[in-house]
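The structure is reproduced here in structure tokens:
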């Protein structure tokens, strides 16, 4: 166990103790999935998108997740307004730019939120992260056609410019604040056979940020936990159906100590 | 087996025989979950929110569920209109005030439907039920911060004023029509680690109301069934993922006789 | 193994190799379900409904599914626009007329898309298919009250007039292009105890159409695969919860050879 794994386990313990409320403005496909991920982790999800209740929801939540899948115009207004409330209140914001690069609507929305809403962390696959730069990225549907490695420089440069944490997830995960960068290994190929795994990683990042000020450490810890849980779940699964059942079971049961002894986080 | 358990099993048998169509105007998070709960139970779900089809849907359904999670203004119009159709046709209406107390939008909407749409039954956690009274309730996200016991007087008083059944669910469930009150025990702590368990309880209440005129008895029976099924499912689960799989399996397989011998319903 | 079973397995192999992107404009209830079905099958789902991104999504996808459950007016605009893009680009379109016959909104929408958007294939239960004809059909909620056999003439006549493939699914599936007709047997009664099985069949048809020009063969192959997978899944399930987990596992693991030896497709 290195210092990062040690710290990651401690943060997990704090989530279980304090049960932070995480506000999600997210896509229709994964609402149920990510609510269950947060519950299994030990956090308290709230899913709400009506602009009329953004003030109230912001007042009771400890972190905000903005996920741009199944986007439409009215939702974008709620997203940017909720992001402003989070910024004013000093609460962490995670941006998940689902499908950015695939359509102009998504790329424009993701770039605008990335630029003007000052997300604490942005988590996407390599193509999505590349799409946030001037160079752009290619996607295939909502799948990445780029490797994590291809997006490293883009992530570093975006993080350096804007002072947020950039996380590129894939076979290996790369996380950077522009100065310090880390790699996370583990996980399972099965993660690409279930919808909403990226979205799930993002809500876990939000829960870790809700209880840990060091945004790089929080982000890395969340992603390392997902890799550990997915690896354990995969080893006893027959396919994507049983895999996801096992992910929720493992996420609920894994102790901080087990997590610390299995997390694989290394300086890049 | 007491008289309530006996009656509860009989009502379950009638649901299986008549397969009532239950119309749901509900939140995005649980649509899939509650549709599957109704199917596993032996009822026929229909999920529809467009005001243009409310007349037709009302004509073919035997009960209506209004669930105010992930609310927005246009949906409220459909809810109140569908509720009016149900009232005119004498069909049971269940109100699930998800997150009432957490935001003004939700509290106002829940109070308005509770007051003007004459729901046959209202099912919520303690904080949600308290939020419907002048005293108000506190919530934490969509979780209750109150115990069932704290909401007993509020539930009795609301039920007494308005002639509907109030159900407060939690570790124990309390159900009252203002005159007669009942407690249901059983269940599993795992019910709080899966999203949509409260919403699932509400759609089960609607299915029981669709085949049983005694609203107190129907409500108590539905909640008792959920507690029995959750307890059985929990005993063979490793976590929230397998728990929910087992809930659906048990709900589908439990016989009226098994249910009668396990239901724990007692006068309060 | 007859010639149809042989061809069906070959098409499955091509889906796994080419991983076609399938664009879905679908209902809220099954978005997660059908995305997971496509992933388990080996295809790449994209769920998007905003009219602003229809051009971009159309450009990157190989087939389109239009599913009219949980309909509302703004979605219909996106559906008809996306259908037009598919037609211009020569990409296959599958129409799933969920609940057509149950409400005027749904029947009108389904009939309009069936008539003016030239779907490559239409898949529905018997009542839904009957509702597309002048004679009309009856439904009970979103369930069929007609048998597959009752809808055979309607399906043949619709297919003959309009040059598309009509698929009536139920205990047995009937598929016709107006000239050649086929029956598929197998499956499991458990398919009616889980929401979204019809919707899942429709997205599988789209994935098969994405890699096979013969629309009758593609449609029959997809439906035969679902029947085989459901039958295998059912044999090791305790109820609808474990059934669906097993469906996803089997769909992911079944080889083209296994499928060929189990598919039951016969000329009608």
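Chains as they are written, first to last, in my numbering: chain A, 19 to 286; chain B, 19 to 286; chain C, 19 to 286. Virtual Cβ for every residue (Gly too), placed ideally from N, Cα, C.
Might you give, ordered along the chain, the residues of its own chain that have their beta carbon closer than 6 Å to the beta carbon of residue 226 of chain C, omitting 5 neighbours on each side? The residue labelled residue 226 of chain C in the question sits at position 208 within the third chain. Cβ within range, chain order: 29, 236, 239 and 240.
Between residue 53 of chain C and chain A, is any beta-carbon pair separated by less than 8 Å? As a first step, residue 53 of chain C must be located in the third chain, where it is residue number 35. Chain A, which has a Cβ nearer than 8 Å to the Cβ of residue 53 of chain C, makes this yes.
Complete beta strand (DSSP E) runs within the stretch 74-135 of chain A (minimum length 3 residues, chain order): 81-85 and 111-114, all fully within the stretch 74-135 of chain A.
Assigned secondary structure, residue 292 of chain B (DSSP; H/G/I helix, E/B strand, else coil): Because chain B is modelled from 19 through 286, residue 292 of chain B falls outside the range shown and cannot be assessed.
Nearest-angstrom Cβ-Cβ length linking residue 270 of chain C and residue 257 of chain A, presumed shorter than 8 Å: Along the third chain, one-based indexing puts residue 270 of chain C at 252. Along the first chain, one-based indexing puts residue 257 of chain A at 239. Indeed, because the Cβ distance is near 4 Å, the residues count as touching under 8 Å.
Is the beta carbon of residue 187 of chain C less than 8 Å from the beta carbon of residue 141 of chain C? Numbered from its first residue, the third chain carries residue 187 of chain C at position 169. Numbered from its first residue, the third chain carries residue 141 of chain C at position 123. Against a cut-off of 8 Å, the Cβ pair of residue 141 of chain C and residue 187 of chain C comes out as a contact.
For the beta strand (DSSP E) that contains residue 284 of chain B, what are its first and last residues? The residue given as residue 284 of chain B occupies position 266 in the second chain. Here the beta strand (DSSP E) through residue 284 of chain B covers 283-285.
Would you kindly report the start and end of the unbroken alpha helix (DSSP H) that includes residue 58 of chain C? Here the question's residue 58 of chain C lines up with position 40 in the third chain. Counting along the chain, the alpha helix (DSSP H) containing residue 58 of chain C begins and ends at 49-59.
Shortest alpha-carbon distance to residue 74 of chain A belongs to which of A:280, A:167, A:131 and A:39? Here residue 74 of chain A refers to the residue found at position 56 when the first chain is read from its first residue. When each option's Cα is compared against that of residue 74 of chain A, the closest is A:39.
In terms of residues, what are the limits of the beta strand (DSSP E) holding residue 65 of chain A? Locating residue 65 of chain A in the first chain gives position 47, where the first residue counts as 1. Boundaries of the beta strand (DSSP E) harbouring residue 65 of chain A: 62-65, taken from the DSSP string.
I'd like to know if residue 244 of chain B contacts chain C, where contact means its C-beta is closer than 8 Å to some C-beta of that chain. Indexing the second chain from 1 puts residue 244 of chain B at position 226. By this cut-off, residue 244 of chain B is not an interface position.
Find the nearest neighbour of residue 286 of chain A within the set A:150, A:221, A:199 and A:214, judged by alpha-carbon distance. Numbered from 1 along the first chain, position 268 holds the residue referred to as residue 286 of chain A. Considering only alpha carbons, the answer is A:199.
Count the CB pairs spanning the stretch 246-254 of chain C and the stretch 110-117 of chain C that are closer than 8 Å, and state whether there are at least three. no
What is the residue span of the alpha helix (DSSP H) that residue 199 of chain A lies within? Here residue 199 of chain A is taken as the residue at index 181 of the first chain, counted from 1. First-last for residue 199 of chain A: 199-202, but that is the beta strand (DSSP E), not the alpha helix (DSSP H).
To which residues of the same chain is residue 205 of chain B closer than 7 Å at the C-beta, ignoring the five residues directly before and after it? For the purposes of this step, residue 205 of chain B is identified with residue 187 of the second chain, where counting begins at 1. If we look at residue 205 of chain B and ignore the five residues flanking it on each side, its Cβ neighbours are 245, 248 and 249.
Under the rule that 16 or more other beta-carbon atoms within 10 Å means buried, what is residue 117 of chain C, buried or exposed? Residue 117 of chain C sits at position 99 when you count from the first residue of the third chain. Buried, since its Cβ has 16 or more Cβ neighbours within 10 Å.
Who pairs with residue 184 of chain B in a beta bridge, going by DSSP? As a first step, residue 184 of chain B must be located in the second chain, where it is residue number 166. Residue 184 of chain B is bridged to B:140 and B:194.
Taking only the alpha-carbon atoms, compute the straight-line gap between residue 282 of chain A and residue 264 of chain A and give it to the nearest angstrom. Stepping through the first chain from its first residue, residue 282 of chain A is reached at position 264. Stepping through the first chain from its first residue, residue 264 of chain A is reached at position 246. Rounded to the nearest whole angstrom, the C-alpha separation of residue 282 of chain A and residue 264 of chain A is 20 Å.
Counting only Cβ pairs nearer than 9 Å, list the residues of chain B close to residue 9 of chain C. Summary: the structure shown does not reach residue 9 of chain C, with chain C confined to residues 19 through 286, and so no result is reported for it.
As a quick exercise: from C:203, C:243, C:219 and C:133, pick the residue whose alpha carbon is nearest that of residue 178 of chain C. Residue numbering aside, residue 178 of chain C sits at position 160 when the third chain is read from its first letter. When only C-alpha atoms are compared, the closest one is C:133.
Residue-level contact to chain C via CB, residue 250 of chain A, 8 Å cutoff: The residue labelled residue 250 of chain A in the question sits at position 232 within the first chain. For residue 250 of chain A, the answer is no, since every Cβ of chain C falls outside 8 Å of its Cβ.
With DSSP collapsed to three states, give me the class of residue 264 of chain B. Here residue 264 of chain B is taken as the residue at index 246 of the second chain, counted from 1. DSSP places residue 264 of chain B in helix when its eight states are reduced to three.
On a CA-only basis, which of B:61, B:90, B:190 and B:53 is nearest residue 68 of chain A? Give me that one, please. Counting from 1 along the first chain, the entry for residue 68 of chain A is found at position 50. Minimum Cα distance to residue 68 of chain A is reached at B:90.
Quick one: what's got a C-beta closer than 6 Å to residue 195 of chain C's C-beta in the same chain, skipping five residues either side? Your numbering for residue 195 of chain C matches position 177 in the third chain. Same-chain partners within the cutoff: 177, 183 and 234.
Taking C-beta pairs closer than 8 Å, name the residues in chain A that residue 212 of chain B reaches, listed in chain order. If you number the second chain from 1, residue 212 of chain B lands on position 194. Going along chain A in sequence order, the residues near residue 212 of chain B (Cβ under 8 Å) are 54 and 57.
Between the alpha carbons of residue 208 of chain B and residue 126 of chain A, how many angstroms are there, rounded? Position 190 of the second chain, counted from the first residue, corresponds to residue 208 of chain B. Position 108 of the first chain, counted from the first residue, corresponds to residue 126 of chain A. Whole-angstrom Cα-Cα distance: 41 Å.
For residue 110 of chain A, decide whether its Cβ has a neighbour in chain C, counting only Cβ atoms nearer than 8 Å. As a working note, residue 110 of chain A is residue 92 in the first chain. False, the Cβ-Cβ gap to chain C never drops below 8 Å.
Does the stretch 55-72 of chain B touch the stretch 19-29 of chain B, meaning 3 or more C-beta pairs lie closer than 8 Å? By the Cβ test, the stretch 19-29 of chain B is not in contact with the stretch 55-72 of chain B, since fewer than three Cβ pairs between them sit closer than 8 Å.
Compute the Euclidean distance between the alpha carbons of residue 105 of chain B and residue 27 of chain C, then round it to the nearest angstrom. Counting from 1 along the second chain, the entry for residue 105 of chain B is found at position 87. Counting from 1 along the third chain, the entry for residue 27 of chain C is found at position 9. Cα to Cα, the separation comes out at about 54 Å.
DSSP beta-bridge partners of residue 41 of chain B: Taking the first residue of the second chain as 1, we reach residue 41 of chain B at position 23. DSSP output for residue 41 of chain B lists B:64 and B:82 as bridge partner(s).
Considering only their Cβ atoms, is the gap separating residue 262 of chain A from residue 229 of chain A smaller than 8 Å? By one-based count along the first chain, residue 229 of chain A stands at place 211. By one-based count along the first chain, residue 262 of chain A stands at place 244. No, Cβ-Cβ distance for residue 229 of chain A and residue 262 of chain A is not below 8 Å.
Whether residue 46 of chain C touches residue 98 of chain C by CB criterion (8 Å): Taking the first residue of the third chain as position 1, residue 46 of chain C is located at position 28. Taking the first residue of the third chain as position 1, residue 98 of chain C is located at position 80. Their beta carbons are not under 8 Å apart, which means residue 46 of chain C does not touch residue 98 of chain C by this criterion.
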